[in-house]
Every structure is written in structure tokens, then in C-alpha cells.
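The listed protein sequences derive, respectively, from chains A and B.
For what it's worth, numbering that gives the first Met the number 0 labels the leading residue of the first sequence as 0, then goes sequentially.
For what it's worth, numbering that gives the first Met the number 0 labels the leading residue of the second sequence as 0, then goes sequentially.
Glycine included, each C-beta is placed from N, C-alpha and C at the ideal position.
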Amino acid sequence: MDESLNPAARRERSRAATGRVTRIVRAVGWISLIAGVLVLGFVFQQLFVTSWLAERNQTALEEDARVYFEDVEVVEVPVSEVQGLSTDEGGEDAAVVPDDMRRLLVEARPEAHQPFAIIRAPGIEALEEGWTVVEGVERSDLKNGAGHMPHTPIPGQPGNSVISGHRTTYGAPFGDLDRLEPGDRIEVETALGIHGYEVRETIIVDPFALWVTEPRRGAWLTLTTCHPKFSSRERMVLFAELVDGPNAEVILAS
Amino acid sequence: MNRWFAALPGPTPVKVLVAVVVAVMAVVALFFLYDWIGTNLLDSGGTFE
């Protein structure tokens, strides 16, 4: 403190210093307030706005899917013509029922972004009422609900059908995927009817583990979502096997 | 805030209109930013890269 200043000058200097501190505190307060509002806005938008949008779109998508069920072309194909399913090469069942006698119901592939299936898991809150599945896993597809990976078979067909969905945002169709345990049932409704799957295994992989989408013998449903919740660091992958439905008997016998 | 509002062009009704349009555009831009952050960091939808 400069002792040479008179009391009035000292008071003036003190007042100026106090004014600076007040301005800094006020600025910090405003910045904190704005940052808080922005963060709260982010949480509100991610958890509530995205879910509201997805659930609103679901109503229209389910109606579109029901119309699609009526319109889509369904054909019967002899098992002998289905790649990877024929037992003519010497499988035990071939002698009991020849492949050309057993027929698989096949529906036409949906076009991109077309709602074509409804997935449900009884007893699991997020999937209890069902989510409409659209063809494609682009960001715009997944904002509406669950999306089917285009190069994989349609649910209810032989091979490995892959469906992806959000874990925490956009209605979180696969928010409770971790609650499904081996033996639990998952249903996928398509134009052919309801295909019942039983959960076999759930694993955690990195986001590059494309091998989980590779073809498998039999008929499998693979569900993929982000892991852990509120992060896209890893993927949770659930494998379920077809146990009943319009094609189950034919596929399981092959 | 008052200074920004006063700096807007035109009479008061026009100023109010411009302020509302700017505010709406800011909220929409903010939601797009939120969406981008959310999709890239929070929940990408579970697909593979």
C-alpha cells in the first residue's frame, strides 16, 4: 500500500479494485449460468426431444409397416434352391424329406428406409410394445427406431439378420438390451408372421467388430447397440436363434 | 442485451421480429450441434464402423 497517498485517493483506489473484482465475479457468474443452460439444454434435447421425435414417428411407421405386410410379395421356394440350407449334399434329413418337397416362405426385400418389421421382447420395458424396424442403418433410419442392416437376411430367413438401435437417445429401442438373458424370447413380426427367437449370448465388442454381422448357419437374429450407456465407445451385441415361426420348422430341420 | 436489441435495424416491431428470427435460428443451430455431439459421442445407434 502506498503510504504517500491521502485517505481520499486510497479510498478511490480501493473502490476501483473492488469494481474490477465485481466485474470479474459477474462475468464468471454469467459464463457459468450460460454454460449450465447449454448443458441442461443438451441433456433435455438428447433425452427428451429425440425420444419424443422417435416415438412420434413410430406411430406412422407402424401404420406403414402394416400396409407393407399386406402388399409385399411372398413366394414359396424349395429348400434345394436356398443357399446354405440344402441338405442334398448328404445331410441326415435329406433322406427323410427331400429338399424339393420342403419349402421356405420368402418375402421380397424391402427398399431402403421402408418400415417392414416390428420387434418385441415380452417383459422388457423398452421393447414390450414393439419398435418398427426400417430397412437401413443410416443415421436418419436409426433416428426413427431400429434399423435392419441391408446386406443381411430379413428376420425369419436363414442366415444372420442384424438389427441396430439406439441405447440412450431416440427412444432408446435397445435401452434394456442388457436385461435380456439366455433363454429370453424376442419376437419379430414381418409379412410372413411372427418369428420367435431365443437369446443365446450377449457380448461386448469394439465398434469395428464387423464379424458379428457375418453369415451363420441356421437362422439368427443379431441385435447391436452402443455400450456402455451414454457412450459409443463399444458395442453390445446380442445373438438370438430362431425357435418358432413360419419358417422355423424348415430351417431347423436343415 | 439491451444494447444488442437497440442496435437492430428498423422500428421496434421490426426489431422484435428480427430478434425472434435470430433467436429461433440460434436454437435450431444449437439443436443441430447437440444432435451432432450426441450422435458422435453419446449414442451412435449401435452400428459398426
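- In this structure, DSSP gives A:A107 a state outside helix and strand, which the three-state scheme calls coil.
- With three or more CB-CB distances shorter than 8 Å, the segment 103-122 of chain A counts as touching the segment 141-156 of chain A.
- Contact between the segment 14-34 of chain B and the segment 208-216 of chain A is not established, with fewer than three Cβ pairs separated by less than 8 Å.
- Under the 8 Å Cβ criterion, the segment 184-196 of chain A does not count as touching the segment 167-174 of chain A, having fewer than three qualifying pairs.
- Two segments are said to touch when three or more pairs of C-beta atoms, one from each, lie closer than 8 Å; by this definition the segment 1-14 of chain B does not touch the segment 129-139 of chain A.
- In this structure A:D175 does not touch A:I250 by the C-beta definition: roughly 28 Å separates them, more than the 8 Å allowed.
- B:R2 has its alpha-carbon roughly 46 Å from the corresponding atom of A:C225.
- Separation of A:N143 and A:V133 (C-alpha to C-alpha, rounded to the nearest whole angstrom) is 8 Å.
- Distance from the CA of A:Q44 to the CA of A:A53, rounded to the nearest whole angstrom, comes to 12 Å.
- With a contact defined as Cβ atoms closer than 8 Å, A:D205 and A:E233 qualify at about 6 Å.
- Around the beta carbon of A:V105, 16 or more other beta carbons sit within 10 angstroms, so the residue counts as buried.
- Look at A:G28: its C-beta is not under 8 Å from any C-beta on chain B.
- Listed in chain order, the beta strand (DSSP E) runs fully inside the segment 180-249 of chain A are 184-189, 192-204, 218-226, 233-243, counting runs of at least 3 residues.
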